[in-house]
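Visitor: Quick note: the sequence shown uses the numbering used here, first residue 257, plus one each step.
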Amino acid sequence: MALALYRSILREAGYLPHPYVQLFVKGRTKDYFRTHRNAQDPSKYLKRARCELRKLQRINAGAQKPFMRLLWYTFGRTGAFRRELIKPHFAESYPNFPKREAIIPGVEESRPPSYPPTLLALVTSAISKTTDKQYSAEEVLNPRKLPERADPTSEEARLLGPFSLRRKKNIHRRFFVEQTDRILPPLAVSSSATTADQTKPDIFIPSTGLERWNPMEMLEILASPNPMYSPPSRSKPEDRLPLSPTPRKSGHLRLGGRSSRWLRRRYRELLASIPTMKVRTADGPQGEEDEQPTEKIKGKKSMRNRSIQSIPNPERPTTRAQVAWSSDLVLSPDKPGPLRSMTARELQWIRDAELSKPVAVKKSSK
Numbered sequence: 257m258a259l260a261l262y263r264s265i266l267r268e269a270g271y272l273p274h275p276y277v278q279l280f281v282k283g284r285t286k287d288y289f290r291t292h293r294n295a296q297d298p299s300k301y302l303k304r305a306r307c308e309l310r311k312l313q314r315i316n317a318g319a320q321k322p323f324m325r326l327l328w329y330t331f332g333r334t335g336a337f338r339r340e341l342i343k344p345h346f347a348e349s350y351p352n353f354p355k356r357e358a359i360i361p362g363v364e365e366s367r368p369p370s371y372p373p374t375l376l377a378l379v380t381s382a383i384s385k386t387t388d389k390q391y392s393a394e395e396v397l398n399p400r401k402l403p404e405r406a407d408p409t410s411e412e413a414r415l416l417g418p419f420s421l422r423r424k425k426n427i428h429r430r431f432f433v434e435q436t437d438r439i440l441p442p443l444a445v446s447s448s449a450t451t452a453d454q455t456k457p458d459i460f461i462p463s464t465g466l467e468r469w470n471p472m473e474m475l476e477i478l479a480s481p482n483p484m485y486s487p488p489s490r491s492k493p494e495d496r497l498p499l500s501p502t503p504r505k506s507g508h509l510r511l512g513g514r515s516s517r518w519l520r521r522r523y524r525e526l527l528a529s530i531p532t533m534k535v536r537t538a539d540g541p542q543g544e545e546d547e548q549p550t551e552k553i554k555g556k557k558s559m560r561n562r563s564i565q566s567i568p569n570p571e572r573p574t575t576r577a578q579v580a581w582s583s584d585l586v587l588s589p590d591k592p593g594p595l596r597s598m599t600a601r602e603l604q605w606i607r608d609a610e611l612s613k614p615v616a617v618k619k620s621s622k
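1. With which residues is A533 paired in a DSSP beta bridge?
2. Report the rounded CA-to-CA distance for L440 versus M533, giving the unit in angstroms.
3. Can you tell me whether R333 is buried or exposed, with buried defined as 16 or more other CB within 10 angstroms of its CB?
4. Hey, how far is the Cα of D437 from the Cα of L302?
5. Name the DSSP beta bridge partners of K385, please?
6. Could you tell me the distance, in whole angstroms, from the CA atom of I427 to the CA atom of L402?
7. L511 by DSSP, collapsed to three states: which one?
8. Mind checking R267: buried by the 16 CB within 10 Å criterion, or exposed?
9. What residue range is occupied by the uninterrupted alpha helix (DSSP H) comprising L526?
10. Would you mind reading off the limits of the alpha helix (DSSP H) that contains A347?
11. CB-CB under 7 Å to Q313, same chain, minus the five flanking residues each way: which ones, in chain order?
12. Do the region 355-374 and the region 415-433 touch if we need at least three Cβ pairs shorter than 8 Å?
13. Could you spell out the range, first to last residue, of the alpha helix (DSSP H) harbouring I461?
14. Check whether the Cβ atoms of F331 and L511 sit closer than 8 Å, and answer yes or no.
15. Report the residue from W605, V579, V535, R536 whose alpha carbon sits nearest the alpha carbon of A528.
16. Here's the rule: buried if 16 or more other CB atoms are within 10 angstroms of the residue's CB, otherwise exposed. What is S420?
17. Tell me whether M257 is buried or exposed, calling it buried when 16 or more other Cβ atoms sit within 10 Å of its Cβ.
18. Using C-beta distances below 7 Å, list every residue in its chain close to F460, excluding the 5 sequence neighbours before and after it, in chain order.
19. For a test of the three-state rule: what should DSSP assign to M257, helix, strand or coil?
20. With a cut-off of 8 Å on the beta carbons, I'd call A444 and E467 a contact; round off their distance for me.
21. DSSP state of P372, grouped into three classes?
22. T334 by DSSP, collapsed to three states: which one?
23. On the three-state DSSP scale, how would you describe W469?
24. Measure from the alpha carbon of N398 to the alpha carbon of each residue in T285, R430, R522, then state which is nearest.
25. Just how far apart, CA to CA, sit S381 and E610?
26. Tell me whether L611 sits in a helix, a strand or coil according to DSSP, three-state version.
27. Give me, in chain order, the residues of the same chain whose beta-carbon lies closer than 7 Å to that of G432; leave out the 5 immediate sequence neighbours on both sides.
28. Between A609 and the ligand ATP, is the CB less than 7 Å from at least one heavy atom?
29. Using only CA atoms, which one of D608, P531, S612, P471 lies nearest to P275?
30. Take the Cβ of V396 as the centre, count every other Cβ of all protein chains shown within 10 Å, and call the residue buried at 16 or more, exposed below.
31. Can you give me the start and stop residues for the alpha helix (DSSP H) that T285 sits inside?
32. CA-CA distance, V281 and A577?
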């Protein structure tokens, strides 16, 4: 029974529209069955596997919501893969990153969390978060939830006494957890630093391990008209790379009864949740730090424009990180993109319609 269920899940995974998504689902299924194959009570694990099988069947039938949920899992917008993509931006991944001063003297655990340049840029940008709330660098290092009493020189601290240091430590920790849980991490980090600069001890470029596959190029091709991909080849090992685009003779990628245009829209919605990040050194080429692209953010009542600036790190000012839209093909209510290019026949129809318009003749007044 378990073997039949296992084969059914792999069969449904083979019907998914892209080889990378197929390999992700198949790998996750194999790990799940391998982990729980010797369980004493396998009924609850088989129940969850049947639920996953029904989800895959709904996806292959053309259901939109579970398909977008699967794309978010596959490309690290949620789940364990998202946590793995955020880890390189934490201070623990930076060699010899300076720690902040302990709140409670003599207690090492009371140090507030450190924010490296890339993590600070992700927290302060509204593009890379699931919420529209935006913070400045100073508000991140000193959260808004800290009362005025936390400042020992304030009037409230003089009247009511000093603020609890333990509560101050907990506020810093809680704010760090809340903000990192809302981050949508980039799939790859680009850098303008030279090879000589990257060897310096005070410069560190985080790596997600996906830079060599160039996943953003793959998603842009899938979101563009006429995407063509071929499944991985069994005879050629170099064709087994899940992110490498190769021409496909069979035509467009489809899902169930959905059209290729519907599938391109889903990939454009996915692009709206994937930011890009570029790390620059402080002594890099002039003019790069002055770039200020504009982002459109949807508010609760109205639209507003904000500027995405290069965020310098107060703790280590030798590097800067910048967050921007992943592609011009992003499809969202905030930044709509063109669905397709007009054909020559449609352009000819427009020209014919403009030429056939009646010319209005003004009557001369007597």
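Backbone N, C-alpha and C define an ideal beta-carbon position, used for all residues, glycine too.
All figures in this text were calculated on a predicted structure; none of them were measured in a lab.
Guide: Taking the geometry as given:
1. As written in the sequence, residue 533 is Met, which differs from the Ala given in the question. According to DSSP, M533 bridges with V445, V579.
2. 11 Å
3. buried
4. 30 Å
5. I439
6. 7 Å
7. strand
8. exposed
9. 516-527
10. Looking at the DSSP string, A347 is not in any alpha helix (DSSP H), and its letter there is neither H nor E.
11. E268
12. yes
13. Careful: I461 lies outside any alpha helix (DSSP H) and carries neither H nor E.
14. no
15. V579
16. exposed
17. exposed
18. Y350, P351
19. coil
20. 5 Å
21. coil
22. coil
23. coil
24. R430
25. 45 Å
26. helix
27. The sequence shown places Phe at residue 432, not Gly. The answer, listed in chain order, is P369.
28. Looking at this structure, you won't find the ligand ATP or any other ligand, since it has none at all.
29. P471
30. buried
31. 275-291
32. 33 Å
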